[in-house]
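Quick note on the numbering used here: the sequence shown kicks off at 1 and runs consecutively. Beta carbons: idealized from backbone N, C-alpha and C, even for Gly. Here the structure is a predicted model, which means the values were calculated and not measured.
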Amino acid sequence: MQNIFLNGEYLPINQARISVFDRGFTFGDGVYEVFLVYHRKIFRLQEHLERLNNSLSAIYMDNPYSDSQWQELLIKLVMDSPADNQSLYLQITRGVSERDHAIDIAEKPTVFAMSKPLPEHDFSSGIKAIVADDIRWQLCYIKATTLLASVILRHQASLAGAKEAILVKDDSVTEGAASNVFIVIDGVVKTPPKDGRILPGITRDLVVELLNESGVVCQESNITRDELYVAEEIWVTSSTWEIVPVVMLDDTRVGDGRPGQYWERARDIYRQFKEAQRQS
Ligand code: PDD
Numbered sequence: 001m002q003n004i005f006l007n008g009e010y011l012p013i014n015q016a017r018i019s020v021f022d023r024g025f026t027f028g029d030g031v032y033e034v035f036l037v038y039h040r041k042i043f044r045l046q047e048h049l050e051r052l053n054n055s056l057s058a059i060y061m062d063n064p065y066s067d068s069q070w071q072e073l074l075i076k077l078v079m080d081s082p083a084d085n086q087s088l089y090l091q092i093t094r095g096v097s098e099r100d101h102a103i104d105i106a107e108k109p110t111v112f113a114m115s116k117p118l119p120e121h122d123f124s125s126g127i128k129a130i131v132a133d134d135i136r137w138q139l140c141y142i143k144a145t146t147l148l149a150s151v152i153l154r155h156q157a158s159l160a161g162a163k164e165a166i167l168v169k170d171d172s173v174t175e176g177a178a179s180n181v182f183i184v185i186d187g188v189v190k191t192p193p194k195d196g197r198i199l200p201g202i203t204r205d206l207v208v209e210l211l212n213e214s215g216v217v218c219q220e221s222n223i224t225r226d227e228l229y230v231a232e233e234i235w236v237t238s239s240t241w242e243i244v245p246v247v248m249l250d251d252t253r254v255g256d257g258r259p260g261q262y263w264e265r266a267r268d269i270y271r272q273f274k275e276a277q278r279q280s
């Protein structure tokens, strides 16, 4: 059985124990990261660790480990895994305390990490998404484990036969329930700005960078609900899904109902970048 990491130890998953008073359990008081591991290399490790630091400081927690300690710990899990391509998860909670909102009563943080084989999926022919009100809180730049709104939104998507919910707040598109959003409109690629209402996605940032480098203009600017409905293309991005074309929005086809040419271009340059990383 593959080991997980819990509070300094590598253990088989069935031997791992945490307290019912862990604040991750009672309050959802914690943060997390999900990394893509490609051919046993952790993709964009430094960027994820930076975001982890930002999430921790936003919730008034110190990082229990340095970047090099994280790297060592995560690489051990990656090397122990049977799969070359993995999804690597880490979670830090504020630890154990009596059930009281005060944060200074918490003991040491709980640190958990695990790796699992990357789930097989082929979304290359496109997915359906629904449009939903962004019912989440105002601090969406924190990658918080408190994910009830996203869980409800993803469930509403699945009830409609869709894979993702694209969220709208004050008439502007924010992001997906667990992804960032891009559209193509009048031949221009657009994605919402990092204004605190979205998670600064690692995949999003890389796609923006790679598109701009390759000469495809990508604007980080507001997208209205109306623009979403007339977009020629819509994509959602995340570490484990990468770049997925949305071909049905509610019950309307996006463009001609097939993945578009800009998506193909983005997918190709993203693949090339990944391949170059693997060989570096
Ligand atoms: N979620 N926005 C939200 C709300 C997310 O939950 C995620 C990822 C993203 C994409 O971020 P990144 O490109 O860094 O993976 C954007 C992960 C995969 C999850 O919760 O499982």
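Asked	Found
What does K116 pair with, by DSSP beta-bridge criteria?	S87
Could you tell me whether any non-hydrogen atom of the ligand PDD is closer than 7 Å to the CB of R23?	no
Indicate whether the contact test is met: 3 or more Cβ pairs, each with one atom in the region 125 to 136 and one in the region 236 to 247, closer than 8 Å.	yes
Looking at the structure shown, is S179 part of a helix, part of a strand, or coil, going by DSSP?	strand
Verify the contact flag: N14, CB atom, against every heavy atom of the ligand PDD, threshold strictly below 7 Å.	no
Rounded to the nearest angstrom, how far is the Cβ of W263 from that of E220, given a contact under 8 Å?	With a Cβ gap of about 18 Å, W263 and E220 do not count as contacting.
Report yes if the CB atom of A165 is closer than 8 Å to the CB atom of A177, and no otherwise.	yes
Does the contact criterion of 3 or more C-beta pairs under 8 Å hold for the region 144 to 157 versus the region 189 to 204?	no
Name the two residues that bound the continuous alpha helix (DSSP H) containing A266.	Q261 to Q279
Beta carbon of R204: closer than 7 Å to some heavy atom of the ligand PDD?	yes
Which of the three DSSP states, helix, strand or coil, is assigned to K76?	helix
Would the region 207 to 226 count as touching the region 97 to 104 if we require 3 or more Cβ pairs under 8 Å?	no
Inspect the CB distances between the region 105 to 122 and the region 133 to 142 and report whether three or more fall short of 8 Å.	no
Please classify V20: is it buried, with 16 or more other beta-carbons within 10 angstroms of its beta-carbon, or exposed?	exposed
Within the present structure, is the beta-carbon of G30 separated from the nearest heavy atom of the ligand PDD by less than 7 Å?	no
Cβ of G176 versus every heavy atom of the ligand FMN: is any distance shorter than 7 Å?	Absent from the structure shown: the ligand FMN. Ligands present: the ligand PDD.
Could you check if T240 belongs to the surroundings of the ligand PDD, using beta carbon to heavy atom distance under 7 Å?	yes
Would you give the residue range spanned by the beta strand (DSSP E) that Y38 belongs to?	G30 to Y38
Judging by CA-CA distance, which residue of W70, Q138, T237 and F182 is the nearest neighbour of N7?	W70
Can you give the beta carbon distance from A113 to I4, rounded, assuming they're within the 8 Å contact cut?	7 Å
How long is the line joining the alpha carbons of D133 and K169, rounded to whole angstroms?	6 Å
Should L199 be counted as a contact of the ligand PDD given a C-beta to heavy atom distance under 7 Å?	yes
Which one of P109, R265, A83 and I59 has the shortest CA to CA distance from W235?	R265
Over the uninterrupted beta strand (DSSP E) stretch that includes I130, give me the two end residues.	I127 to D133
Identify every residue that forms a DSSP beta bridge with C218.	V189
Thinking just about the alpha-carbon of each residue, which of R271, Q15 and H48 is nearest to the one in P200?	H48
Per DSSP, Y10 is paired with what?	F5
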